[in-house]
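Numbered by the working numbering, the letters in the sequence shown go through residues 3 to 117 in order.
The C-beta atom is built at its ideal place from N, Cα and C for all residues, glycine as well.
Read the structure below first, then the notes.
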Amino acid sequence: QVQLVESGGGLVQSGGSLRLSCAASGIIFSLSGMGWYRQAPGKQRELVATITSGGTSNYADSVKGRFTISRDSPKNTVYLQMNSLKPEDTAVYYCSAIRSSLTYWGQGTQVTVSS
Numbered sequence: 003q004v005q006l007v008e009s010g011g012g013l014v015q016s017g018g019s020l021r022l023s024c025a026a027s028g029i030i031f032s033l034s035g036m037g038w039y040r041q042a043p044g045k046q047r048e049l050v051a052t053i054t055s056g057g058t059s060n061y062a063d064s065v066k067g068r069f070t071i072s073r074d075s076p077k078n079t080v081y082l083q084m085n086s087l088k089p090e091d092t093a094v095y096y097c098s099a100i101r102s103s104l105t106y107w108g109q110g111t112q113v114t115v116s117s
């Protein structure tokens with residue numbers, strides 16, 4: 003059974019930083035593509051960043067230069083370092099894992115950026 007458990011969300015002031023973590027189990031982490039998505043109230047879920055099993059990363063234009071995705075295979079964990087946060091980054095952030103054409107999701111963690 004695949005489990006993705008996010009942590010690290012919270013309330014931060016505009017310009018601040020947070021680091022999200024996602025611990026994965028039940029999946030061959032080193033062979034899985036990982037990603038972070040977010041969903042703000044009344045909006046669709048959108049891609050934030052992805053990282054392949056080989057370490058290639060991709061970012062939404064809105065977070066380029068501010069967010070960094072990374073992975074630690076021995077710890078089966080993917081991270082999202084978020085700097086220079088803005089109020090429009092407020093959303094529930096979801097971790098995802100892709101393996102064998104299947105996508106798995108975590109339960110989400112709330113990030114709130116106050117102005």
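Contact under 8 Å by Cβ, residue i with residue j
i: LEU82; j: VAL115; result: no
i: SER98; j: GLY37; result: yes
i: VAL94; j: THR111; result: yes
i: SER117; j: PRO89; result: yes
i: SER59; j: ILE71; result: yes
i: GLN3; j: GLY28; result: yes
Collapsed DSSP secondary structure at residue i in the structure displayed
i: SER32; result: helix
i: ASP63; result: coil
i: SER103; result: coil
i: SER16; result: coil
i: SER75; result: helix
Closest residue to residue i among the options (Cα-Cα distance)
i: ASN85; options: GLN15, SER27, GLN109, VAL4; result: GLN15
i: PHE31; options: GLN109, SER117, THR105; result: THR105
i: SER23; options: LYS88, GLY12, LEU87; result: GLY12
i: VAL7; options: VAL113, GLY17, ALA25; result: ALA25
i: GLY57; options: GLY35, GLU48, TRP107, ARG47; result: GLY35
i: GLU48; options: SER102, GLN3, ASP91; result: ASP91
i: GLN109; options: GLN41, LEU20, ARG101, ARG68; result: GLN41
i: LYS66; options: TRP107, LEU87, GLN3; result: LEU87
With 16 other Cβ atoms within 10 Å as the buried cut-off, status of residue i
i: THR52; result: buried
i: ASP74; result: exposed
i: GLY44; result: exposed
i: LEU33; result: exposed
Inter-residue CB distance, residue i and residue j (contact presumed, cutoff 8 Å)
i: GLN61; j: TYR96; result: The sequence given here places Tyr at residue 61; Gln does not occur at that position. So it is not a contact: roughly 16 Å between Cβ atoms.
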